[in-house]
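*Asks:* Dropping the structure in here first, questions after.
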Amino acid sequence: MNTADNLSSLSTRELMNTALEYKLRDRGDRVSLCSIINAKSGRCSEDCAFCSQSSHYQTEAPVYPLKDTEEVVVAARQARDSGAGHFSLVTSGRGLSGDDLEKVAEMISAIRDRVGIRVCASLGILNQGELAYLREAGLVRYHHNLESSREYFPRVVTSHGFNERIAVVKAAKDAGLEICSGGIIGMGENENDRLSLARSLAELEVDSVPLNILIPLPGTPLAELPPLSVTEALRAIALFRIILPSVPIRLAAGRESVLADFLSTAFLAGADGMMIGGYLTQRGRSADRDMQFIDDIRRLWIS
Numbered sequence: 035m036n037t038a039d040n041l042s043s044l045s046t047r048e049l050m051n052t053a054l055e056y057k058l059r060d061r062g063d064r065v066s067l068c069s070i071i072n073a074k075s076g077r078c079s080e081d082c083a084f085c086s087q088s089s090h091y092q093t094e095a096p097v098y099p100l101k102d103t104e105e106v107v108v109a110a111r112q113a114r115d116s117g118a119g120h121f122s123l124v125t126s127g128r129g130l131s132g133d134d135l136e137k138v139a140e141m142i143s144a145i146r147d148r149v150g151i152r153v154c155a156s157l158g159i160l161n162q163g164e165l166a167y168l169r170e171a172g173l174v175r176y177h178h179n180l181e182s183s184r185e186y187f188p189r190v191v192t193s194h195g196f197n198e199r200i201a202v203v204k205a206a207k208d209a210g211l212e213i214c215s216g217g218i219i220g221m222g223e224n225e226n227d228r229l230s231l232a233r234s235l236a237e238l239e240v241d242s243v244p245l246n247i248l249i250p251l252p253g254t255p256l257a258e259l260p261p262l263s264v265t266e267a268l269r270a271i272a273l274f275r276i277i278l279p280s281v282p283i284r285l286a287a288g289r290e291s292v293l294a295d296f297l298s299t300a301f302l303a304g305a306d307g308m309m310i311g312g313y314l315t316q317r318g319r320s321a322d323r324d325m326q327f328i329d330d331i332r333r334l335w336i337s
């Protein structure tokens with residue numbers, strides 16, 4: 035069961051049944067919800083093929099500098115009131131530059147002191163000293179996706195390497211932060227790549243895995259890719275759960291558009307978390323609708 039060959043040979047039903055067994059055994063009926071804010075948008079120097087915020091592509095993504103602290107605090111309070119347990123500050127770019135690191139630290143402190151929600155951040159490539167500085171300000175968790183497998187990564191990003199991603203995750207761990215790291219499925223990779231990514235995350239002992247399903251965005255190199263099939267998406271979710279049995283598997287971008295009527299089925303395949311409220315440049319479902327969905331899922335799990 036623990037080898038890639040064995041997992042890939044299982045039918046989708048077998049994978050889902052095993053994944054749900056692992057989910058209920060190791061995590062019970064827990065559901066992990068988070069929300070993010072696009073705190074700085076556009077003009078990123080990196081060439082990630084899936085991202086509309088890259089300066090390498092002609093897209094309609096919004097472009098603006100770092101938001102002010104009060105606007106971010108209001109968004110954090112809304113996230114808390116909507117049921118999210120974590121709130122993440124996300125900025126475009128390779129990393130923070132100029133005075134932005136200090137400004138982000140001020141935001142984190144303000145959220146911690148005035149809102150009382152666990153604060154996360156996704157700020158690109160930072161070093162251990164910078165990450166430790168943010169932890170002192172109140173940061174709890176750092177988000178830095180590996181995006182895809184080590185083998186497939188060069189087909190998605192060329193402006194930095196997979197090892198740089200690994201190094202940031204390790205630096206965040208060394209700084210005393212929890213780690214949120216996952217990737218995107220549906221970028222042309224195969225199931226072996228998804229297994230490889232899941233195993234890399236398991237080796238890093240991450241604390242949370244956001245799983246995105248590609249939304250092909252106009253102007254990006256992946257704009258014309260056909261959508262991932264529901265079956266492939268469900269298999270991927272189940273594989274991640276089996277390989278990471280005790281870690282929240284959090285559905286993020288693409289869950290509405292790709293899974294659509296099969297969204298509840300994903301929670302029978304091992305998923306037990308969601309990002310609510312939207313995904314950087316893309317809107318999500320309403321928080322009220324997601325909370326009702328979670329209530330229904332919990333009843334389904336224990337029935």
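Mapped onto my numbering, the consecutive letters of the sequence shown carry residue numbers 35 to 337. Ideal placement from N, C-alpha and C gives every residue a C-beta, glycine not left out.
1) Using beta-carbon positions only, say whether S86 and T254 come within less than 7 Å of one another.
2) Inspect the beta-carbon positions of V124 and I70 and report whether they are closer than 7 Å.
3) Give the secondary structure of A287 by DSSP, where H, G and I count as helix, E and B as strand, and everything else as coil.
4) With a threshold of 6 Å on Cβ separation, who are the neighbours of Y186 within its own chain once the five nearest residues in sequence on each side are excluded?
5) For the alpha helix (DSSP H) that G163 lies in, which residues bound it at each end?
6) From which residue to which residue does the beta strand (DSSP E) around T52 run?
7) For V264, which residues from the same chain have a beta carbon less than 6 Å from its beta carbon, with the 5 sequence-adjacent residues on both sides left out?
8) Helix, strand or coil for A206? Go by DSSP, reduced to three states.
9) Closest by CA to T103, which one among C68, V65, D147 and V97?
10) State buried or exposed for V108, treating a residue as buried only when at least 16 other CB atoms are found within 10 Å of its CB.
11) Please say whether I249 and A287 have beta carbons closer to each other than 7 Å?
12) Just how far apart, CA to CA, sit I219 and A267?
13) Cα-Cα, which of I310, N246 and L211 is closest to A118?
14) Specify the secondary structure class of T125 as computed by DSSP and reduced to three states.
15) Is it true that the segment 131-145 meets the segment 179-194, where meeting means three or more beta-carbon pairs spaced less than 8 Å apart?
16) Report the rounded CA-to-CA distance for A73 versus K101, giving the unit in angstroms.
17) Within 10 Å of its beta-carbon, does T315 have 16 or more other beta-carbons around it, so buried, or fewer, so exposed?
18) Note down the Cα distance separating S234 from L41, rounded to an integer number of angstroms.
19) Count the other CB atoms, across all protein chains shown, that sit within 10 Å of the CB of Y98; report buried if there are 16 or more and exposed otherwise.
20) Rounded to whole angstroms, what is the Cα-Cα separation between I277 and T46?
21) Determine the contact status of V202 and H177, defining contact as a CB-CB distance below 7 Å.
22) When you compare only the Cα positions, how much space is there between T93 and P261?
23) Nearest by alpha-carbon distance to F327: which of L67, I336, G163 and S298 is it?
24) What residues are listed by DSSP as bridge partners for L67?
25) Please determine if the segment 159-168 and the segment 195-210 are in contact, where contact requires at least 3 C-beta pairs separated by less than 8 Å.
26) List the whole-angstrom C-beta distance separating L369 from L251, where the pair is believed to meet the contact cut-off of C-beta under 8 Å.
27) To which residues of the same chain is A53 closer than 6 Å at the C-beta, ignoring the five residues directly before and after it?
*Replies:* Let's see:
1) Here residue 86 is taken as the residue at index 52 of the sequence shown, counted from 1. Here residue 254 is taken as the residue at index 220 of the sequence shown, counted from 1. With contacts defined as CB atoms closer than 7 Å, S86 and T254 qualify as a contacting pair.
2) Taking the sequence shown and counting its residues from 1, one reaches residue 124 at position 90. Taking the sequence shown and counting its residues from 1, one reaches residue 70 at position 36. Contact flag set, yes.
3) By one-based count along the sequence shown, residue 287 stands at place 253. The answer is coil: DSSP assigns A287 none of H, G, I, E or B.
4) Taking the first residue of the sequence shown as position 1, residue 186 is located at position 152. Taken in chain order, the residues that qualify are E223 and D227.
5) Your numbering for residue 163 matches position 129 in the sequence shown. For G163, the enclosing alpha helix (DSSP H) stretches over residues Q162 to A171.
6) The residue labelled residue 52 in the question sits at position 18 within the sequence shown. Per DSSP, T52 is not a residue of any beta strand (DSSP E); the alpha helix (DSSP H) it occupies stretches across T46 to R61.
7) Residue numbering aside, residue 264 sits at position 230 when the sequence shown is read from its first letter. Excluding positions up to five away in sequence, the list reads F296.
8) Residue mapping note: residue 206 aligns to position 172 of the sequence shown, counting from 1. The answer is helix: DSSP assigns A206 an H, G or I state.
9) If you number the sequence shown from 1, residue 103 lands on position 69. Checked all of C68, V65, D147 and V97; the closest Cα to T103 is D147.
10) On the sequence shown, position 74 is the one that residue 108 refers to. Counting Cβ neighbours within 10 Å, V108 comes out exposed, since fewer than 16 surround it.
11) Along the sequence shown, one-based indexing puts residue 287 at 253. Along the sequence shown, one-based indexing puts residue 249 at 215. Against a cut-off of 7 Å, the Cβ pair of I249 and A287 comes out as a contact.
12) Locating residue 219 in the sequence shown gives position 185, where the first residue counts as 1. Locating residue 267 in the sequence shown gives position 233, where the first residue counts as 1. Rounded to the nearest angstrom, the two C-alpha atoms are 8 Å apart.
13) For the purposes of this step, residue 118 is identified with residue 84 of the sequence shown, where counting begins at 1. Ranking the options by Cα distance to A118, first place goes to I310.
14) Here residue 125 refers to the residue found at position 91 of the sequence shown. If DSSP states are grouped into helix, strand and coil, T125 belongs with the strands.
15) no
16) Position 39 of the sequence shown, counted from the first residue, corresponds to residue 73. Position 67 of the sequence shown, counted from the first residue, corresponds to residue 101. Cα to Cα, the separation comes out at about 5 Å.
17) For this step, residue 315 is matched to residue 281 along the sequence shown. Reliability of the predicted coordinates at T315 is poor, the pLDDT of 46 falling under 50, and the value obtained from them is presented with this limitation in mind. Classification for T315: buried.
18) Within the sequence shown, numbered from 1, the residue matching residue 234 stands at position 200. Within the sequence shown, numbered from 1, the residue matching residue 41 stands at position 7. Going from the Cα of S234 to the Cα of L41 covers about 16 Å.
19) The residue given as residue 98 occupies position 64 in the sequence shown. Exposed: under 16 other Cβ atoms inside 10 Å.
20) Within the sequence shown, numbered from 1, the residue matching residue 277 stands at position 243. Within the sequence shown, numbered from 1, the residue matching residue 46 stands at position 12. Spanning the two alpha carbons is a distance of roughly 15 Å.
21) The residue you call residue 202 lines up with position 168 of the sequence shown. The residue you call residue 177 lines up with position 143 of the sequence shown. In this structure, H177 does not lie closer than 7 Å to V202 by Cβ.
22) By 1-based counting over the sequence shown, the position of residue 93 is 59. By 1-based counting over the sequence shown, the position of residue 261 is 227. Their backbone Cα atoms lie some 19 Å apart in a straight line.
23) For this step, residue 327 is matched to residue 293 along the sequence shown. The residue with the shortest Cα to Cα distance from F327 is S298.
24) Here residue 67 refers to the residue found at position 33 when the sequence shown is read from its first residue. Bridge partners of L67: M308.
25) yes
26) The question about residue 369 has no answer here: the residues shown for the chain are numbered 35 through 337.
27) Here the question's residue 53 lines up with position 19 in the sequence shown. Excluding positions up to five away in sequence, the list reads A272, R275, I276, A303 and G304.
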